[in-house]
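A.B. asks:
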Amino acid sequence: MEISPGLAATLADAVYGVREQGNVRRAVARQIGSPEVLEDVFDVSGAAVAGMSGGRLLGAKSGFGMVLRGRGPLEGHMAVVTRGTETQQDWLSNANVAYDTGPGGFPVHAGFSRLYASMKDDVNASMRGKDPSHIHIVGHSLGGAVANLFAAQFKLENRGDVHLYTFGAPRPGHGAFSRFMTSELDATHHRRVYCGADPVPMVPTWPFMHAPIDMPGLRSPHGGSLMSIEAHRIPSYRNALYGYTWREMQAAQGETSFNDTFEYWIGKAQSPSFGMMSSGLIWALGRALRALFRALSVGLVLVGIPTLTAIDRLAGLMFGAAQRSSETEQNLMQVVAGFGRFLGYAAIDGINLSAALLSHIFTSVYQVLARLARGALNAPA
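Just so you know, full-length UniProt numbering puts 244 at position 244 of the sequence shown, and the rest follows in order with no gaps.
See below:
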């Protein structure tokens, strides 16, 4: 039994109140106006879970999460809710982001892993002696990445029926972690919600990956045609999802969400309505590039490599593939032209493909997305 999109988004919003208020009930009231919104289904009388981010220990007045017991129709359930951050981020300040060993020994983002590790004891203590039938793990932004790690932990420990709900979450780990999550949580147990105009789900870039690998996630019906900070805010997600069911959200995705061919997505990217900083353009190009990765089997060797080094290595691999195939070269030039439009470059007609050109384009796109994501992450939730 899963909870609704609206309830999951409300939990993801409510947890932001614990940053300055250790009493969960007062924190929820402060953040969303009334704890009664949640009290029919969850006991909100507990204390906040503390965590550490950016090298700073957060005490009772700077909590990072809450563990709630279900009541009424959710009797026997529990919810673990983790928040994003409204303080300066360090996990994107260095593009050469590092890996750490996450649950199950899988490689995950070091910053997310540190926050998860700092919360783990408190979360485990809050659940000690309880045997929930269902565990709902919820998070927005950075909290969504950490929620992935808790979901992996609970699956490895065989604790109840695990359901994961994330909103605007960044990519949490390497392909091995994402493949594990895909194998453990099917589409009805992992609801990854994103907005096309939200830059945060686009970072960190390759070789970090979302799960489920074979599904693009559920696109929220908010956000405009351009990348924006506002699209990342949890109230934007919450307001957009009000009244929806998961089945209705899935139906609203349309058949394009399952189309994974290069030709389809590069055709979408060439729409004349797309231009500089277009959310539709960067989304279509990302899907087109992913299809190329799969066809050429590149990127699978990029295990544990920092982001900018991986981009250089990826550029070299892609250029090598282009030298062996004129079709691949043509496809890559279409991708480069599309990314150039997103960046606001003049037409690149007549420019020869090279590893240096690919590295420059990929790095420039990453830096733009990282800058946008930092702005979104530093804005009030």
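A virtual CB, placed ideally from N, CA and C, is assigned to each residue, including glycine.
Compare the Cα-Cα distances from V336 to each of A8, V15, F362 and V18 and report the closest residue.
C.D. replies: Within the sequence shown, residue 336 is the residue found at index 336, counting from 1. Checking every option, the nearest Cα to that of V336 belongs to F362.
A.B. asks: When burial is assigned at 16 or more other CB atoms within 10 Å of the CB, is G304 buried or exposed?
C.D. replies: As a working mapping, residue 304 is identified with position 304 in the sequence shown. Because the pLDDT of G304 is 46, which lies under 50, any placement of that residue in the model is unreliable, and the question is left without a value.
A.B. asks: Below 8 Å, how does it come out for the region 195-207 and the region 271-290: are there three or more Cβ pairs, yes or no?
C.D. replies: The region 195-207, when compared against the region 271-290, does touch it at the 8 Å Cβ threshold.
A.B. asks: Helix, strand or coil for D198, going by three-state DSSP, please let me know.
C.D. replies: If you number the sequence shown from 1, residue 198 lands on position 198. Coil at D198, not helix or strand.
A.B. asks: Output the distance between the C-alpha atoms of A288 and F262, rounded to the nearest integer angstrom.
C.D. replies: The residue you call residue 288 lines up with position 288 of the sequence shown. The residue you call residue 262 lines up with position 262 of the sequence shown. Rounded to whole angstroms, A288 to F262 spans 5 Å at the Cα level.
A.B. asks: Using a threshold of 9 Å, state whether the C-beta atoms of N103 and L149 are closer than that.
C.D. replies: Here residue 103 refers to the residue found at position 103 of the sequence shown. Here residue 149 refers to the residue found at position 149 of the sequence shown. The displayed chain sequence assigns Pro, not Asn, to residue 103. Yes, these two residues count as a Cβ contact at 9 Å.
A.B. asks: In the structure shown, what three-state DSSP assignment does G139 receive?
C.D. replies: Within the sequence shown, the letter at position 139 stands for residue 139. Note: G139 maps to strand in three-state DSSP.
A.B. asks: Can you confirm whether the region 37-52 touches the region 111-129 when touching is taken to mean that 3 or more C-beta pairs between the two stretches lie within less than 8 Å?
C.D. replies: A contact exists between the region 111-129 and the region 37-52.
A.B. asks: Whole angstroms are fine: how far does the CA of H190 sit from the CA of Q31?
C.D. replies: In the sequence shown, residue 31 corresponds to position 31, counting from 1. In the sequence shown, residue 190 corresponds to position 190, counting from 1. About 26 Å.
A.B. asks: Count the other CB atoms, across all protein chains shown, that sit within 10 Å of the CB of Y237; report buried if there are 16 or more and exposed otherwise.
C.D. replies: Residue 237 sits at position 237 when you count from the first residue of the sequence shown. With 16 or more Cβ atoms within 10 Å of its Cβ, Y237 is classed as buried.
A.B. asks: Report the residue ranges of all alpha helix (DSSP H) runs contained in full by the region 236-304; include only those spanning at least 4 residues, in chain order.
C.D. replies: Within the region 236-304, the complete alpha helix (DSSP H) runs of at least 4 residues are 246-253, 262-269 and 279-296.
A.B. asks: In angstroms with no decimal places, state the Cα-to-Cα distance between A315 and P172.
C.D. replies: Here residue 315 refers to the residue found at position 315 when the sequence shown is read from its first residue. Here residue 172 refers to the residue found at position 172 when the sequence shown is read from its first residue. Taking the straight line from one Cα to the other gives about 23 Å.
A.B. asks: Quick check: the Cα distance between V15 and A9, rounded to an integer number of angstroms?
C.D. replies: As a working note, residue 15 is residue 15 in the sequence shown. As a working note, residue 9 is residue 9 in the sequence shown. Rounded to the nearest angstrom, the two C-alpha atoms are 10 Å apart.
A.B. asks: With A151 and I137 assumed to form a contact (beta carbons below 8 Å), what rounded beta-carbon distance in angstroms separates them?
C.D. replies: Looking up residue 151 in the sequence shown gives position 151. Looking up residue 137 in the sequence shown gives position 137. Their Cβ separation, rounded to whole angstroms, is 5 Å, which keeps A151 and I137 in contact under 8 Å.
A.B. asks: Kindly confirm or deny that the region 29-43 and the region 153-171 touch, where touching means at least three C-beta pairs closer than 8 Å.
C.D. replies: Counting Cβ pairs under 8 Å, fewer than three are found: no touch.
A.B. asks: Considering only DSSP beta bridges, list what H210 is partnered with.
C.D. replies: If you number the sequence shown from 1, residue 210 lands on position 210. Paired residue(s): none; H210 is not in a bridge.
A.B. asks: Whose C-alpha, out of F64, G65, V44 and V81, is nearest the C-alpha of R71?
C.D. replies: Translated into the one-based positions of the sequence shown, residue 71 becomes position 71. Nearest of F64, G65, V44 and V81 to R71, Cα basis: V44.
A.B. asks: Are the beta-carbon atoms belonging to H109 and P207 less than 9 Å from one another?
C.D. replies: In the sequence shown, counting from the first residue as 1, residue 109 sits at position 109. In the sequence shown, counting from the first residue as 1, residue 207 sits at position 207. Contact: no.
A.B. asks: Give me the Cα-Cα distance between A295 and L332, rounded to the nearest whole angstrom.
C.D. replies: Translated into the one-based positions of the sequence shown, residue 295 becomes position 295. Translated into the one-based positions of the sequence shown, residue 332 becomes position 332. Their backbone Cα atoms lie some 13 Å apart in a straight line.
A.B. asks: Whole angstroms is fine: what's the gap from M69's alpha carbon to G76's?
C.D. replies: To locate residue 69, count along the sequence shown from 1; it is residue 69. To locate residue 76, count along the sequence shown from 1; it is residue 76. Here the sequence assigns Arg to residue 69, which means Met is not the residue at that position. Approximately 7 Å between the Cα atoms of the pair.
A.B. asks: Less than 9 Å between the beta carbons of R83 and G139, yes or no?
C.D. replies: For the purposes of this step, residue 83 is taken as the residue at position 83 of the sequence shown. For the purposes of this step, residue 139 is taken as the residue at position 139 of the sequence shown. Their beta carbons are under 9 Å apart, which means R83 touches G139 by this criterion.
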